Amino acid sequence: MNPRSAFTLFIWLLLASLSTSPLAEPSSERNLVFTIDSFYSQPIYEKHPARDRMRVALANLGYTYSLRYIKGPRALAMANSGDVDGEFARNRDHTAEFPNLLFVPEPVNAVHTIIISRAELADEDRQWTSLAPRNRVVISGSRVGRKVPAQFADLPTIVAASYDQALKIVGSGRADMVIIPANFDFLTQQSDVEAQRLVALSPHLEEEAAYMHLHKRHQQLLAPLTAELKKLKYQTQFPE
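Numbered by mature numbering (1 follows the signal peptide of the UniProt record, and there is no 0), the letters in the sequence shown go through residues -24 to -1, 1 to 216 in order.
Right, here's the structure in full:
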């Protein structure tokens, strides 16, 4: 082999080795962009467990994600057009209206809700069906508690800025009940005196759930993402 041919062969072998080297491989971590209703840009949702749940679920599959806030149904329309990779949180399947979307059947967020009141207002069985409150607290910006039992739907309301403030209002006697997520550890947020006054009433209320839609180009991601979300469904603490 002449020197020129040997040099050419060396270059080809070098290029081949680089193409198979791990150092030359592109990153397996890919970022997905999801739209979400601009309602969820409020501070109360900045540290919502759903965001971490999706972060962990996608990380397990080699992805990261970011959110783009879009007002109302335009968030679904943009996802359907393919300009982004999907829509983050809806309370039902919208694929009939948006045929380019795939419904992820396991929720991004799913919790039951409970009614919190004061011990002196509850019966021995601590059932909310026998509760006769004067009023109730609602949390500004939160969609938890929208489904209110009919007997409480027309009560006067007091607005609180957070679950913690709402519980203090109930504990102080200014209001008689509030609906919060069942997995919210409400007692540890209160003083000893307040904690003794507050009770969780049974049974749990209907589950609040939010579901993701993927653009159909991510068909291959549908089954594994569904499986990851199922494993993480009721987890509320996630590693950084």
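Ideal Cβ placement from N, Cα and C applies to all residues, glycine included.
Quick caveat: nothing in here was measured; it's all calculated off a predicted structure.
> Among T71, S57 and V60, which residue has its Cα nearest to the Cα of Y187?
Replying inline: If you compare the alpha carbons of T71, S57 and V60 with that of Y187, the shortest gap goes to T71.
> What are the uninterrupted segments assigned as beta strand (DSSP E) that are 3 or more residues long and contained completely in the region 89 to 156, given in chain order?
Replying inline: Within the region 89 to 156, the complete beta strand (DSSP E) runs of at least 3 residues are 89 to 94, 112 to 115 and 133 to 136.
>> Alpha carbons only, please: which of L198, Q211, N36 and S178 is nearest the one belonging to I91?
In response: Of the candidates L198, Q211, N36 and S178, the one whose C-alpha sits nearest the C-alpha of I91 is S178.
> Taking the alpha carbon of S118 as the point to measure from, which residue in A142, E216 and S57 has its own alpha carbon closest?
Replying inline: The shortest C-alpha separation from S118 is found at A142.
> With a cut-off of 8 Å, do at least 3 Cβ pairs link the region 65 to 81 to the region 95 to 112?
Replying inline: Because the criterion of three Cβ pairs below 8 Å is not met, the region 65 to 81 and the region 95 to 112 do not touch.
> Cβ of R173 versus every heavy atom of the ligand GDP: is any distance shorter than 7 Å?
Replying inline: Ligands in the displayed structure: none, and consequently the ligand GDP is not present.
>> Suppose you measure from the CA of Y21 to the CA of I46; what does that come to, to the nearest Å?
In response: Cα-Cα distance, rounded: 15 Å.
> What first and last residue would you give for the beta strand (DSSP E) that runs through D13?
Replying inline: Per DSSP, the unbroken beta strand (DSSP E) holding D13 starts and ends at R6 to D13.
> When we look at the beta-carbon of V84 and count the other beta-carbons within 10 Å, is it buried (16 or more) or exposed?
Replying inline: Under this definition V84 is a buried residue.
>> Quick check: what's the CA-CA separation for Y39 versus P19?
In response: Y39 and P19: Cα-Cα distance of roughly 25 Å.
> Using CA coordinates, which residue listed in S42, E82 and I145 is at the minimum distance from residue 233?
Replying inline: Outside the modelled stretch of the chain, which goes from -24 to 216, sits residue 233, for which no answer is possible.
> Where does R27 fall in DSSP's three states?
Replying inline: Assigned with DSSP and collapsed to three states, R27 falls in helix.
> Tell me, which residues are paired with E184 by DSSP?
Replying inline: Its beta-bridge partners are V87.
>> Can you tell me where the alpha helix (DSSP H) holding R68 begins and where it ends?
In response: R68 -> no alpha helix (DSSP H), and no H or E assigned at all.
> Across which residues does DSSP place G62 in a beta bridge pair?
Replying inline: Residue pairing by DSSP places G62 opposite F10 and L190 in a beta bridge.
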